[in-house]
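Going left to right, the sequence shown walks through residues 4 to 535 as my numbering numbers them.
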Amino acid sequence: MPDSPNHLTPEQFRELGHRMVDFLADYQASVGMWPVKSQDKPGDVLARLPASPPDRGLGDADKPTEAWGEVFDDLTKIVLPGLMHWQHPSFFGYFPCNSSGPAVLAELCSAGLGVQGMLWQTSPACTEIETRMLDWMAEMFDLPEQFRSTADNHGLGGGGVIQGTASEATLAALIAARQRWRRLRTERARLEAESGEIGLVAEAVEQRFAVICSEGAHSSVVKAAMMAGLAEGPDDDERVWTIKADAQGRMDIAELKRVLEERSLDPASPTPIACIATMGTTGVGAMDDIEAIAEVLNSCSHAQEGGLSSPPGYSPSIWLHVDGAWAGSALVCPEHRAMAAGLEHADSLCINPHKWLLTNFDCDLFWTSSRRDLTDAMSITPEYLRNAASDSGSVIDYRDWHVPLGRRFRALKLWFVVRHYGVEGLRAHIREHVRLGEMLERFVKFDDRFELVVPRSLALVCFRVAGPDDLTTRVIDKVNASGKTFLSHASWPGPGGTPRPIARFAIGGTHTGEAHVRKAWDLIVRTVDQLR
Numbered sequence: 004m005p006d007s008p009n010h011l012t013p014e015q016f017r018e019l020g021h022r023m024v025d026f027l028a029d030y031q032a033s034v035g036m037w038p039v040k041s042q043d044k045p046g047d048v049l050a051r052l053p054a055s056p057p058d059r060g061l062g063d064a065d066k067p068t069e070a071w072g073e074v075f076d077d078l079t080k081i082v083l084p085g086l087m088h089w090q091h092p093s094f095f096g097y098f099p100c101n102s103s104g105p106a107v108l109a110e111l112c113s114a115g116l117g118v119q120g121m122l123w124q125t126s127p128a129c130t131e132i133e134t135r136m137l138d139w140m141a142e143m144f145d146l147p148e149q150f151r152s153t154a155d156n157h158g159l160g161g162g163g164v165i166q167g168t169a170s171e172a173t174l175a176a177l178i179a180a181r182q183r184w185r186r187l188r189t190e191r192a193r194l195e196a197e198s199g200e201i202g203l204v205a206e207a208v209e210q211r212f213a214v215i216c217s218e219g220a221h222s223s224v225v226k227a228a229m230m231a232g233l234a235e236g237p238d239d240d241e242r243v244w245t246i247k248a249d250a251q252g253r254m255d256i257a258e259l260k261r262v263l264e265e266r267s268l269d270p271a272s273p274t275p276i277a278c279i280a281t282m283g284t285t286g287v288g289a290m291d292d293i294e295a296i297a298e299v300l301n302s303c304s305h306a307q308e309g310g311l312s313s314p315p316g317y318s319p320s321i322w323l324h325v326d327g328a329w330a331g332s333a334l335v336c337p338e339h340r341a342m343a344a345g346l347e348h349a350d351s352l353c354i355n356p357h358k359w360l361l362t363n364f365d366c367d368l369f370w371t372s373s374r375r376d377l378t379d380a381m382s383i384t385p386e387y388l389r390n391a392a393s394d395s396g397s398v399i400d401y402r403d404w405h406v407p408l409g410r411r412f413r414a415l416k417l418w419f420v421v422r423h424y425g426v427e428g429l430r431a432h433i434r435e436h437v438r439l440g441e442m443l444e445r446f447v448k449f450d451d452r453f454e455l456v457v458p459r460s461l462a463l464v465c466f467r468v469a470g471p472d473d474l475t476t477r478v479i480d481k482v483n484a485s486g487k488t489f490l491s492h493a494s495w496p497g498p499g500g501t502p503r504p505i506a507r508f509a510i511g512g513t514h515t516g517e518a519h520v521r522k523a524w525d526l527i528v529r530t531v532d533q534l535r
């Protein structure tokens, strides 16, 4: 038995590293030959794996690097057949999950450096590159100045951080919203005490909160509300106010106003502290009207009944978070920035470069114009984390910006991607996919076998097969079973408001081109003809 672990020597690591890069390069070159959707059945991968771990590792072999051939064989025999190949150029389901050579190399570098960036002190480069990358991206997206790391925002501060996913960003936004409400309540109570008045805030002992979103919002909103203690379960409509969507799938502004006014008249109603607007809903890519939503929230009488209207220059007491996880990447192109009108009224925003901006999962960009409320809610400093730099207040400790303490060097891949492609290269990536979306939309419109459900949203086209509802589902299932392409589904109100299945064709793969879209459409058309 070995007395100590048999680590790879630098030369062995170099040899295997070259082999792994070769494996990945070959995979990228040949991924289009694999079935897009795994053909495995439940339990197939388990059956290919040993039931117990090895007592002796490959490092104990006389020639470890040769023994590692087993690992590469198993990648091909066990792993690849059990994957949905998200990087396949004919993958059109869900939303894209981009990968690129520069991002993969950055991930390798990050893992090899092996740093932990919880504090500025634990890796200054990890922190400061992240700060600069969030400011770079804010500039590339033409975000309001309030989201820059240098923004003062009346002492509340601004800036951004890399979260894992948009779900984590939504949780952070709700936690910050709760913190702000408590801060405003405390400030108002102090003012009441100084003036000798007894107001509603001072009398409040326990307050119930509510979250607002549209019926098209991502399911993570409800999950985040549950995790933050703002909702008791997925069906808690007393504390998660779901606003119906209009004919385009956007939050219905008139309905939002009606619900807020109606709730404000009920003294037992929870206090709304956060509203989630969506820039590109998951179902059909609908763009909520951020400007109109902000206007309604700002004039909401319910938000002010508790004495919580904010001082001049502050955002209203209902925190407005914008979920731009997918569509937000298109802001890199000036021609798509109209969808962000009103963003200056938002308190936070998230965008996922790992969806559509060539940066590997996971990479969610989360900006806030109220850094203080976020960090006050997240910060706790045990003695073992205290250090002079943090105590000075002159540095950012990103551990205070999200739930985890430990954090990876995620900013490195964003840095590599932007440096490799440049702003113009990233714009070209988005523009080509939008062009392909326009082409596909024309295919749907001019073929009476299909119905365009809603107007195209960027590179997302949603349609149904004309005829009985089950025909659309059968077509999707048969197309996906072929392994030649992959679509996902959603539901959309039909006659009388009854939900009916629709197909989602989301273009956005790193290597997806016009030929792949045309080939997928031809397959869909042939499948419809076969099933009619």
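Quick reminder that beta carbons are idealized off the backbone N, C-alpha and C, glycines included.
Limits of the unbroken alpha helix (DSSP H) element including residue i
i: D403; result: From DSSP, D403 is part of no alpha helix (DSSP H); its letter is neither H nor E.
i: C112; result: G104 to L116
i: L474; result: D472 to A484
i: M143; result: P127 to M143
i: P13; result: P13 to S33
i: E73; result: G72 to D77
i: M229; result: S223 to M230
i: L49; result: D47 to R51
For residue i, three-class secondary structure by DSSP
i: A64; result: coil
i: M254; result: strand
i: W370; result: strand
i: Y317; result: Reliability fails at Y317, whose pLDDT of 35 lies under 50, so the model's placement of it is uncertain and the value that follows must be treated cautiously. Of the three classes helix, strand and coil, the one that applies to Y317 here is coil, per DSSP.
i: A509; result: strand
i: Q533; result: helix
i: F94; result: strand
i: C353; result: strand
i: M290; result: strand
i: S382; result: coil
i: F489; result: strand
i: P337; result: helix
i: P84; result: helix
i: V39; result: coil
i: K44; result: coil
i: L377; result: helix
i: E148; result: helix
Identity of the residue in the options nearest residue i by Cα
i: P458; options: E444, F449, R452 and V468; result: E444
i: R535; options: K481, L490 and G160; result: K481
i: V48; options: R411, L83, E294 and L463; result: L83
i: I81; options: L52, H339 and E148; result: L52
i: E171; options: E218, A228, R185 and E131; result: A228
i: M381; options: Y97, L177 and L187; result: L177
i: L323; options: W359, S113, A277 and A289; result: A277
i: P502; options: I527, G512, A391 and D473; result: D473
i: L61; options: R411, R17, F98 and H10; result: H10
i: H157; options: E148, E338 and H339; result: E148
i: D292; options: A64, T378 and A349; result: A349
i: F537; options: E517, L415 and W524; result: Look at the range of the chain in this structure, 4 to 535, and you will see that residue 537 is not part of it.
i: T125; options: R411, A469, V39 and M230; result: R411
i: E347; options: R151, L86 and A289; result: R151
i: M121; options: Y387, R467 and D145; result: Y387
i: E435; options: P57, T189 and G511; result: G511
i: L146; options: D269, G428, C336 and C303; result: C336
i: G163; options: A484, C465 and Y401; result: Y401
i: K448; options: C465, R438 and V426; result: C465
i: H91; options: D65, W37 and F446; result: W37
Limits of the unbroken beta strand (DSSP E) element including residue i
i: D451; result: Element bounds for D451: n/a, residue is neither H nor E.
i: I165; result: G162 to Q166
i: D326; result: W322 to D326
Beta-ladder partner(s) of residue i, from DSSP
i: P504; result: S494
i: I215; result: W244 and C278
i: R467; result: E454
i: S460; result: L463
C-beta neighbour in chain D for residue i, strict 8 Å
i: T79; result: The structure shown contains no chain D; it is built from a single protein chain.
Check: residue i C-beta below 7 Å from any heavy atom of the ligand FMN
i: E131; result: This structure lacks the ligand FMN; in fact it carries no ligand of any kind.
Are three or more beta carbon pairs between the segment 132-140 and the segment 372-391 nearer than 8 Å?
As far as the Cβ criterion goes, the segment 132-140 does not touch the segment 372-391, which means the pair count is below three.
Touch test, the segment 257-276 against the segment 232-248, Cβ-Cβ under 8 Å, three pairs minimum:
yes
Three Cβ pairs or more, each shorter than 8 Å: is that satisfied between the segment 103-123 and the segment 416-436?
yes
Given 8 Å as the limit, is there contact between the segment 336-356 and the segment 155-169, that is, 3 or more CB pairs closer than that?
Cβ pair count under 8 Å is three or more, so yes.
Determine contact between the segment 271-291 and the segment 211-223, defined as no fewer than three beta-carbon pairs at a distance below 8 Å.
yes
Answer yes if the segment 323-342 comes into contact with the segment 523-533, meaning at least three C-beta pairs across the two stretches below 8 Å, and no otherwise.
no
Touching or not, the segment 502-517 and the segment 91-98, by the rule of three or more beta carbon pairs under 8 Å?
yes
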